[in-house]
Structure formats: structure tokens, C-alpha cells
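One structure is given below, encoded as C-alpha cells.
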Amino acid sequence: MNKVPHIEVKDLVCAYGDYLVLRDISFEIKRAEILVIMGRSGCGKSTLLKHMIGLREPAEGKVYYDGKDFTSSSEAERESMLRKFGILYQGGALWSSMTLEENVAFPLEEYTDLKRSQIHDIVEMKLSQVGLKGFQKFYPSELSGGMRKRAGLARAMALDPEILFFDEPTSGLDPISSKRLDDLILNLRDLFNTTVVVVTHELDSIFSIADQAIMLSPKEKTIIGCGNPQELIRNSGDPTVTDFLSRMGGRQPA
Amino acid sequence: MSNYPCTSQLELEENGDILVIRLMGVWEMDRNAPSFQEFVKKGDIRADISELMLEARGLEEWDSSLLFFLNQAKVWADGRSMTFNCDCLPDGLGRMMLQTQRVVDSRVEVKDPEGHPGFAEEVGKHSIRIFRDGSVFANFVGEILLSFLRLLVGKARMRWVDCFRAMQDSGPMALPIVGLISFLVGVTLAFQAADLLGDFGSEFFTPAFVALAMVREMGPIMTGIVLAGRTGAAFASTIGSMKVAEEIDALRTLGVSPLDYLVLPRVIGLSIMTPLVVIYSNALGIIGGMLVSKVKLNMPVQTYVKETFLNIDATDILFGLIKSSVFGVIIAYAGCLRGMNCDSSSTGVGRATTSAVVTSLLFIIVANSIFAVIYSIYEI
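First to last, the protein sequences are chains V and C.
Mind the numbering: the first sequence is residues 123 to 376 in the numbering used here, read in order.
Mind the numbering: the second sequence is residues 452 to 831 in the numbering used here, read in order.
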């Protein structure tokens, strides 16, 4: 097997101008692994994700995919790396002026030479995978929040990405939809060997999908716990991590 | 206070080195609950007190006003390193107080207190902001040019639908309002000209005045103002909302430049459409002038038309059209710039829209003056 980690983040420092958000972030993700980035609100989870997918440039440090430097890559290199990503944004981020079909078809039109009819079929398949078959002609504004999110997932999966990024995928979804989404994530990993990075603070999701989890802290501004969540809850040694994973162990917040 | 039969009351008692505060009555925000600071100021409190004890035996009802009072008391006691004893408070109140305290404690970083900055600091901040704005403006011009070059070599993926939509919105859809405004401007110009020129007995030049003023200045400017308010604002709010909903991020992470995809079609659309709308605006203005001349000066329509075309030539019209094409670019530029730099919130979109309109109006007026200088140098 390939020894090079699929994703490697090395000594990353994230800052908005002078305001430091995160520092000393280093971790590795193996192929077909599901990593959860967790932490309390405002700890920089989404910021870290944005740095990983190139929406923000790190103040220091690097991100590598398959051993290739993403941070200082040329435009063409970066584009070819981006092509392998699928990203689900918090609110779905569907393009509001396009129908669902056009939304999901867009990456296919952009990156493949498929014929119109083929694209049509793929779009239909992807939409039915997320339970939205028949909604091709709907505009995002005509859908509920959960449906938009699922449609966003269909778009993220359009190009069969090697890596899927999820920004709070289950927030705002009902328990059944969350569970379905978690199952879908596990299936994608098992069937297509997709590497998955999930930003979330929903414990149910964390325990059911994560192979590995990293916990960020707004106080220390860095990773304070790293490992499998089942093990982390038992022997992380850091009370903040244990409290987070056990909902404070049922205690009253002190 | 007398309206209420039962209001908040306090009693103070010094018991050795313990200061006891008894809380009584109803503590509600709209019943003028006492402030701890005032209370401390009034009462003479001995310096050797080492414990502050709170009692609430006579307390009837309470809300956050009591909580606020207690928090102030605690801060005051902590400041004097007194023991703060709230054991005698009702259970819920004590717990609530602890929770409030904890929220204050768990704040990671307190933002710099923003008092009134000094004059020099204000000036400095503003200067820095102006420089930063300047570089943002310049950067965006550069990005649009690069994007245009990419389009020329066939590398840009442009959304033509957006281009047509921009053209439709700034063209056909804007005709009624542009038409009305231009017509009325023509009417106003003609009235002014007829009055002013009439003093010198040369009302006969009214058509020339209206035509020249419309074609060279008023047509382009009025169209520019209407389109800035209509189309430029729409660009800013559309692109701004897309930014808030992370739609722009979604484009970027697909490797699609939002400049090529969203900004370029709008800039191209407006730069083509604005001159066409200006032609229409010129015509309506001249018609307005014609009406006034007919009614007020009793000038036959044929004479008016003949006089108009005798006094303007292709250069005048072209002058206005070139100018208006630049105005079109400015409007699209300002709208897209403000949209792309919009803050991620709904107020951000509002601000972006406002500032798009203000920016484009400002730039239109500045550009117009520059054109006036250039044309006067070359005597066009």
C-alpha cells in the first residue's frame, strides 16, 4: 500500500490579518479514512477546512495531498488537485440562479467531455442517491434547507471525488436525515475508497463515522486531542476533550 | 414608585466585620430596582469589613435586575478582597449567579476596549483605510483586465446567460424609467434655454442647446445614474448574496474563477448596452425639448428637427456614446467589486448595495469631468 498519507497538514498557522485563529496544526489522513474535525463553536473548525481546500492561504505551514504540495502549487497544479475534491458547504451553497440539474451538471460540464445525455443520466443518478430524484427542474429557493444540503452533496459527488469535505453536514437536519447522511458517508468510503474530512460537533455523527478525530480548542488555538473518538473519550487525559465527547459526562457544567 | 404597593427594598446591617444586605420585596426591571453602586455610595461602609453576606428572606419576586445587582455586589466585594457569601440566597438565584459568572470567566479574549480614539488615531486609521481601498480598487481593475485577456485567448469560462441577463436588465427593462427621466430633463432644459436665450432674443437656439446638452452630457449622465441605481445595485446584491451563501467559494473550489464567470459577463453586458440606452435617452430628451418649443415658442416641429441636426454632428454623438460605454464599465465594476468584497451577513449585502451605488455615481462624475477636460484639450 501507498505509504504517503492522502492528506497531510504540516505546521499550519491560520490567521485573519493580525488575528491568530489556529497555530501548530499538524495531522495526517490515510486514504479511505474518515477524519472528523471537532470542537466548540468558534474554535476555528471551518477556518481550518477553508485552509485545507485553498479558500484561505495559510499564514504559515503547508497542506499536502498525496505528498504533493498544495499550498504553493501553481494554478494548473492546484486546479488538477481541486478536481479531486468534493465539498459540501454549510448551507449547501447551490448556485441560486441554476436549477438542481444545472447545479449538479456544472462540474461535469466543466471537467469532462461527456455528452449532454450522459450528463443528464449521471445527474439523475446522483440526485436519486441523495433522495432527490424528480427535483431536477427545481431551483434551490424552492427547496427546504435539508434538501438543499442533500443537493449540495449530490453536486459534491458529481465527479466521484477522491476526497470529500463536509462543513457541518448534519446541522439543521432532522435525526433521520442525519443518520442517512452518516450512512451515506460510510458507504461512499467503503465503496469508492473516498477519504472524508468532516467538520462537526454532533456527537452522534462523530461516534458513528469517525476513524480519527482531532479536537480544536479556542483557548489554546490548536489541536488538544487526536485519535479515535472511542479511545479519546476513555484516555485522552485532557478533561476538555473528555467533557466534549461525553457532554460533560452528564455533570452540571461547573 | 408609589404606584407599586411593593417594590424592591434593601436593608443594611453591620454585624461585627460582616456586612449583611437584606433583599426584600419585588425586584423587577420596570420597578426601578436600586443600583449597587448608588447604594454603596450612599451608605457609609467601614473599611474593616471582611465579608459581604446576602440574605433574601423577605424577597418575593425577582428577575434579571436582582441578578445584575448581585453581580455588581460580587465585583465590588472581589475588588476589596472580601468574602462574598451568598449561602443564604434561594437555591435558584445562587445557581443562576454562578452561571452568569462563568460565562464572563470563560470568555477567551476580551476585545480591546474601544473608547473614543484620539484625533490623530482617527486620522491615521482613515488614511490607512483610504490606501487600502485604493489598492482594492486597483487590484480589481487588474483582475478584470486579466479575466478579459483570458476571454480573448479563449481560456475563460464565461456565463453568457448572465451577460444577456445584464443586457436585458440594463436595456429593455430600464427603458421606461430612463425614457421618463430623459424626457423631463429635455423639457427642463428647453424651458431654461427658452427663458435664458429669450432675454437676448435668441430663443431660436433652443433646439441647439437642448440637443447639445442632451447628447454630450445629460443623456449619458442621466442614463448612468439610473443604471447605477438599478443595475449596479442589483449586481452588488446578487453577487453579495452569493458570497454570503458560499456560492462564490463553491465556484472557486471547482477551479472556476468567479471573475470570469460572474464579473466579466456583467461588465461586457453593460459596456455594450449603456450606449444603446443613451441613444434612446438622447432621443427622448430632444423630443421633450421639441414639445416645449412647440408650446412655448410656437416653433414648428420640422424647424426644430432641422435646427437640431444642423447643430450636432457625429462627433458629438460619438463623444457621448464613448463616454457612456465607460460609464457602463464603471457601473458594472463598482457593483461587482462591492458584491465580491461584501461582508458575510445580510447587513453586509445591504452595505455593499449602497456603496456600489455611491461608488459608481462618484466614479461616473469623476470620469465625466476627465472626459470634459480631454475633449476640451482636443477641441472636440
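Even glycine gets a Cβ: it sits at the ideal position worked out from N, Cα and C.
Let me confirm a value: residue i is counted as buried when at least 16 other C-beta atoms fall within 10 Å, else exposed. Which label applies?
| i | result |
| --- | --- |
| Phe822 (chain C) | buried |
| Met370 (chain V) | exposed |
| Leu631 (chain C) | exposed |
| Ile719 (chain C) | buried |
| Phe816 (chain C) | According to the sequence displayed, residue 816 (chain C) carries Ile and not Phe. Under this definition Ile816 (chain C) is an exposed residue. |
| Val661 (chain C) | buried |
| Tyr187 (chain V) | buried |
| Arg277 (chain V) | buried |
| Asp326 (chain V) | exposed |
| Phe228 (chain V) | buried |
| Lys259 (chain V) | exposed |
| Asp700 (chain C) | buried |
| Tyr141 (chain V) | exposed |
| Thr766 (chain C) | exposed |
| Lys190 (chain V) | exposed |
| Thr534 (chain C) | exposed |
| Arg558 (chain C) | Here the model assigns Arg558 (chain C) a pLDDT of 48, short of 50, so the residue's position is not dependable, and the following value carries that caveat. With fewer than 16 Cβ atoms within 10 Å of its Cβ, Arg558 (chain C) is classed as exposed. |
Quick one: list the residues of chain C neighbouring residue i, beta-carbon separation under 7 Å, in chain order.
| i | result |
| --- | --- |
| Arg205 (chain V) | Gly706 |
Name the chain V residues that come within less than 8 Å of residue i, Cβ to Cβ?
| i | result |
| --- | --- |
| Asp620 (chain C) | Under the 8 Å cutoff, chain V gives no residues; its nearest Cβ is about 13 Å from Asp620 (chain C). |
| Glu697 (chain C) | Tyr211, Gln212, Gly213 and Ala215 |
State the DSSP-derived secondary structure class of residue i, mapped to helix, strand or coil.
| i | result |
| --- | --- |
| Met220 (chain V) | coil |
| Phe760 (chain C) | helix |
| Leu602 (chain C) | helix |
| Ile825 (chain C) | helix |
| Ala498 (chain C) | coil |
| Lys190 (chain V) | strand |
| Ser557 (chain C) | With a pLDDT of only 49 at Ser557 (chain C), under 50, the local geometry of the prediction cannot be trusted, and the value read off the model is given with reservation. Coil at Ser557 (chain C), not helix or strand. |
| Gln258 (chain V) | coil |
| Gln753 (chain C) | helix |
| Tyr138 (chain V) | strand |
| Asp468 (chain C) | coil |
| Arg238 (chain V) | helix |
| Gly183 (chain V) | strand |
| Asn536 (chain C) | strand |
| Thr674 (chain C) | helix |
| Thr316 (chain V) | coil |
| Cys348 (chain V) | strand |
| Leu812 (chain C) | helix |
| Ser148 (chain V) | strand |
| Met669 (chain C) | helix |
| Gly359 (chain V) | coil |
| Ser163 (chain V) | coil |
For residue i, which residues in the same chain have their Cβ closer than 7 Å to its Cβ, ignoring the five residues on either side in sequence?
| i | result |
| --- | --- |
| Arg153 (chain V) | Asn124, His128, Asn315 and Thr317 |
| Glu654 (chain C) | Ala645, Leu648 and Leu748 |
| Phe814 (chain C) | Ile781 and Ala785 |
| Ile628 (chain C) | Val677 |
For residue i, go through chain V and note every residue whose CB falls closer than 7 Å to its CB, in chain order.
| i | result |
| --- | --- |
| Arg703 (chain C) | Leu177 |
Chain C partners of residue i, CB-CB under 8 Å?
| i | result |
| --- | --- |
| Ser218 (chain V) | Ser692, Met693, Ala696 and Glu698 |
| Glu199 (chain V) | Correct list: empty, because the minimum Cβ distance to chain C is about 11 Å. |
In chain order, what residues of the same chain have a beta carbon less than 6 Å from the beta carbon of residue i, not counting five sequence neighbours either side?
| i | result |
| --- | --- |
| Lys271 (chain V) | Gly214 |
| Leu678 (chain C) | Ser621 and Ile782 |
| Glu464 (chain C) | Val471 |
| Leu788 (chain C) | Phe591 |
| Gly509 (chain C) | Met475 |
| Pro283 (chain V) | Lys206, Phe207 and Gly208 |
| Thr169 (chain V) | Cys136 and Val143 |
| Gln523 (chain C) | Phe487 |
Give the interface partners of residue i over in chain A, defined as CB-CB distance under 8 Å, in chain order.
| i | result |
| --- | --- |
| Pro229 (chain V) | In summary, chain A is missing from the structure at hand, where the protein chains are V and C. |
Leaving aside the five residues before and after residue i along the sequence, list all residues of the same chain whose C-beta is less than 8 Å from its C-beta, in chain order.
| i | result |
| --- | --- |
| Val729 (chain C) | Gly670, Pro671, Thr674, Gly771, Leu772 and Ser775 |
| Gly349 (chain V) | Gln334, Ala335 and Ser358 |
Practice problem: Name, going along the chain, the residues of the segment 232-252 of chain V whose beta-carbon falls closer than 7 Å to a beta-carbon of chain C. | Solution: Glu232
Quiz item: Closer than 7 Å, Cβ to any Cβ of chain C: which residues of the segment 350-370 of chain V, in chain order?
Solution: none
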